[in-house]
Amino acid sequence: MRYPFVFVLIIVLLSAAACSQSINEPITFFQVQTPRPFGYVIGDEIKQRILIETRPGLVLQRSSLPARGAVNRWLDLKRIDIDKTTTGTGVRYRIDLTYQLFYAPLEVKMLELPSFTLQFKQFGHVIEKKVPGWHFTAAPLRELAVRKEDGKEYMRPDAPAPLLDSRSLRNRLIISLAIVLGALFYLAWLYGRLRFLPQYRVFKVPCQQLARYSAGDLTRMLNIMHGALNQLNGKPLFQHQLADFYQRFPHYQSLDDELNWFFDYSNQHFFDSSPKGGKKESDKIKALCRHCLQIERGMR
Amino acid sequence: MIRVARFYAGWGGLLIALVVTLQSSYAYFQIIHINQLITQLNQGKAITPALLKNTAPELQLAYAGYLKKKHRYQDAQVVLGRIINQGSRHIQTITRYNLGNLYLSEAIELAEAMQINEAMALSALAKQAYRQALALDSQYWDAKYNLEVAMRLLPEMDRITLEQDEPIPEKKTKLWATVPGFPRGLP
Numbered sequence: 026m027r028y029p030f031v032f033v034l035i036i037v038l039l040s041a042a043a044c045s046q047s048i049n050e051p052i053t054f055f056q057v058q059t060p061r062p063f064g065y066v067i068g069d070e071i072k073q074r075i076l077i078e079t080r081p082g083l084v085l086q087r088s089s090l091p092a093r094g095a096v097n098r099w100l101d102l103k104r105i106d107i108d109k110t111t112t113g114t115g116v117r118y119r120i121d122l123t124y125q126l127f128y129a130p131l132e133v134k135m136l137e138l139p140s141f142t143l144q145f146k147q148f149g150h151v152i153e154k155k156v157p158g159w160h161f162t163a164a165p166l167r168e169l170a171v172r173k174e175d176g177k178e179y180m181r182p183d184a185p186a187p188l189l190d191s192r193s194l195r196n197r198l199i200i201s202l203a204i205v206l207g208a209l210f211y212l213a214w215l216y217g218r219l220r221f222l223p224q225y226r227v228f229k230v231p232c233q234q235l236a237r238y239s240a241g242d243l244t245r246m247l248n249i250m251h252g253a254l255n256q257l258n259g260k261p262l263f264q265h266q267l268a269d270f271y272q273r274f275p276h277y278q279s280l281d282d283e284l285n286w287f288f289d290y291s292n293q294h295f296f297d298s299s300p301k302g303g304k305k306e307s308d309k310i311k312a313l314c315r316h317c318l319q320i321e322r323g324m325r
Numbered sequence: 015m016i017r018v019a020r021f022y023a024g025w026g027g028l029l030i031a032l033v034v035t036l037q038s039s040y041a042y043f044q045i046i047h048i049n050q051l052i053t054q055l056n057q058g059k060a061i062t063p064a065l066l067k068n069t070a071p072e073l074q075l076a077y078a079g080y081l082k083k084k085h086r087y088q089d090a091q092v093v094l095g096r097i098i099n100q101g102s103r104h105i106q107t108i109t110r111y112n113l114g115n116l117y118l119s120e121a122i123e124l125a126e127a128m129q130i131n132e133a134m135a136l137s138a139l140a141k142q143a144y145r146q147a148l149a150l151d152s153q154y155w156d157a158k159y160n161l162e163v164a165m166r167l168l169p170e171m172d173r174i175t176l177e178q179d180e181p182i183p184e185k186k187t188k189l190w191a192t193v194p195g196f197p198r199g200l201p
């Protein structure tokens with residue numbers, strides 16, 4: 026029972042010690058990150074990152090940062106990005122400075138990013154931290170003594186005007202053309218003009234099959250014709266559903282008499298005790314199939 | 015009812031798509047036409063002035079290049095000055111670079127004719143234009159090179175001397191970098 030109490034006491038004492046340390050030290054972490062210190066030429070950008078961690082409540086005075094724009098004759102400060110995050114132990118600042126170099130050295134030359142002093146404020150007190158200057162070397166791009174007479178390149182030529190970008194418009198054109206074609210296709214389908222679609226190729230094979238049978242195979246012939254009509258309908262078709270069938274396939278309405286005869290005869294053939302039929306009936310079934318084929322091919 | 019709605023949808027879709035197709039094909043062929051003009055001008059061929067009414071900065075940029083080839087520097091400057099803030103970032107960079115080239119070519123010609131003061135003024139303008147181009151695109155190598163050419167033509171007056179531990183005169187230099195022109199009281 027006593028051990029947990031001692032443990033808690035140690036934790037409290039340790040954290041108090043940590044707190045007192047962070048109170049004594051206003052800036053707990055400071056680092057300047059810079060890229061390679063050599064090989065810069067005129068116009069290059071140099072990025073400097075400053076990482077600072079402070080105790081809670083310390084506020085960075087933005088006015089203590091160098092101002093954007095020209096730092097001196099050959100150095101511009103292009104961008105300042107400040108990222109502030111609050112951590113458990115204090116405030117973390119990430120300051121990204123982007124300089125641009127405009128110095129044309131005659132030979133490799135050592136230059137310096139100027140130093141400056143960051144200021145933080147808390148309860149009216151000002152705390153300062155100096156960011157040291159940073160040395161780097163810049164190099165010339167061209168030889169000192171290039172003369173026009175040498176026939177060498179004295180200055181770089183003009184940039185040709187770029188062409189207008191037509192890609193997005195071309196894509197829009199292609200897409201809208203595709204939609205036009207799609208709409209035409211859809212309309213053609215609605216108006217029943219697409220003869221090559223499967224629903225327009227129902228009766229070809231049955232007609233060929235029927236042609237092979239004679240009056241003796243009436244049961245098979247009826248089965249084949251029923252199968253074809255069912256396939257067109259998408260589900261078994263019965264006589265009482267013909268009105269609905271015509272609504273979906275209006276072209277077949279002209280065969281109303283023949284279809285009604287076909288269903289009547291089929292009923293008679295399958296359910297009568299003594300079915301009768303001969304050449305006349307088989308011819309009529311063949312004719313019905315032929316007419317259906319003509320309709321699906323748009324010839325009727 | 016649903017069948018009728020399908021027909022309306024089909025026809026409506028077709029109409030809308032047709033309108034969009036016509037509009038975009040018109041715009042597309044216009045762009046193709048402008049690109050033809052730009053190619054002609056880039057190759058140094060003249061085009062009829064009526065076709066230059068189009069305000070696309072790319073076309074005007076090509077026209078300025080054409081004028082420069084014909085040594086009509088003033089006209090080219092006017093054209094470039096008109097489109098200096100137009101178009102994409104890339105176009106603005108090229109406009110500034112070409113304007114810098116225009117000033118620098120003139121400065122070189124004047125320097126060869128020993129008109130040093132005029133040459134210095136123009137090379138200062140050229141430097142300004144190149145710096146603006148590089149501020150927009152720091153990886154523009156041609157602008158870097160020509161800025162160095164312009165700087166050699168008119169050397170910076172206050173060479174920094176870090177060896178002597180001289181502090182950088184901030185106040186003074188800030189003034190310098192923002193005021194265009196050239197120093198007085200020097201040869």
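Taken in sequence, the protein lines are chains P and C.
Residue numbering for the first sequence follows our numbering, starting at 26 and increasing by one per position.
Residue numbering for the second sequence follows our numbering, starting at 15 and increasing by one per position.
Positions of the beta carbon are idealized from the N, C-alpha and C atoms, including for glycine.
In the assembly as shown, D281 of chain P is an exposed residue. Its beta-carbon has fewer than 16 other beta-carbons within 10 Å. Chain order gives the chain C residues near F127 of chain P as R145, where near means a beta carbon separation below 7 Å.
Residue contact check for R110 of chain C against chain P: no CB pair falls below 8 Å. Nearest Cα to N97 of chain P within the set P:D242, P:I120, P:L138, P:D106: P:L138. Identification of chain P residues near I52 of chain C by a Cβ-Cβ cut-off of 7 Å yields A186, L188, ordered along the chain. Nearest to P187 of chain P by C-alpha distance, out of C:A23, C:Q57, C:L32, is C:Q57. Around L94 of chain C, no beta-carbon contact reaches into chain P at under 7 Å, the shortest distance being about 11 Å. A direct Cα-to-Cα measurement between V57 of chain P and I105 of chain C gives close to 36 Å. L83 of chain P and R104 of chain P have their alpha carbons spaced roughly 24 Å apart. In the three-state reduction of the DSSP assignment, G64 of chain P falls in the coil class. According to the DSSP assignment, L206 of chain P belongs to the alpha helix (DSSP H) that extends over 192-215.
Taking 8 Å as the cut-off, the beta carbon of V92 of chain C is found no closer than this to the beta carbon of Y77 of chain C. Inter-residue distance for R166 of chain C and L102 of chain P is about 23 Å (C-alpha atoms, whole angstroms). Contact of E123 of chain C with chain P is not assigned, every C-beta pair being separated by 8 Å or more. Contact annotation: F270 of chain P and L262 of chain P have beta-carbon atoms nearer than 8 Å.
For H85 of chain C, there is no enclosing alpha helix (DSSP H), since its DSSP letter is neither H nor E. A straight line joining the alpha-carbon of L148 of chain C with that of K82 of chain C spans about 22 Å. A residue is called buried when at least 16 other Cβ atoms come within 10 angstroms of its Cβ; F161 of chain P meets this threshold and is buried. Within chain P, D183, A184, P185, A186 have C-beta atoms less than 9 Å from the C-beta of G79 of chain C, given in sequence order. Under DSSP, F145 of chain P forms a beta bridge with P:L85, P:I152. Per the coordinates, the alpha-carbon of I46 of chain C lies some 8 Å from the alpha-carbon of S191 of chain P.
Relative to the Cα of F141 of chain P, the nearest Cα in the group P:Q319, P:H150, P:L131, P:L122 belongs to P:L122. I98 of chain C sits in coil when the DSSP states are folded into three classes, being neither helix nor strand. Residue-level contact check: E72 of chain C touches chain P, since one or more beta carbons of chain P fall below 8 Å from its beta carbon. Between the stretch 20-27 of chain C and the stretch 246-264 of chain P, the count of C-beta pairs closer than 8 Å stays below three; the two stretches do not touch. Listed by position along chain P, the residues whose Cβ is nearer than 7 Å to that of I97 of chain C form an empty set, because the closest Cβ is around 10 Å away. Residues of the same chain with a CB within less than 8 Å of the CB of R103 of chain C, apart from the 5 flanking positions on each side, are L150, D151 in chain order. Bridge partners of A95 of chain P according to DSSP: P:D101. The Cβ of E70 of chain P sits closer than 8 Å to at least one Cβ of chain C. Between R145 of chain C and F145 of chain P, the C-beta spacing is not below 8 Å.
Here the C-alpha atom of F148 of chain P lies approximately 39 Å from the C-alpha atom of L136 of chain P. At a beta-carbon threshold of 8 Å, none of the residues of chain C lie near V156 of chain P; the nearest stands roughly 15 Å away. The continuous alpha helix (DSSP H) containing M246 of chain P extends over residues 243-258. Distance from the CA of R245 of chain P to the CA of I199 of chain P, rounded to the nearest whole angstrom, comes to 52 Å.
With contact defined as three or more Cβ pairs closer than 8 Å, the stretch 206-213 of chain P and the stretch 231-249 of chain P are not in contact. Rounded to the nearest angstrom, the gap between the Cα atoms of I48 of chain C and A203 of chain P is 26 Å.
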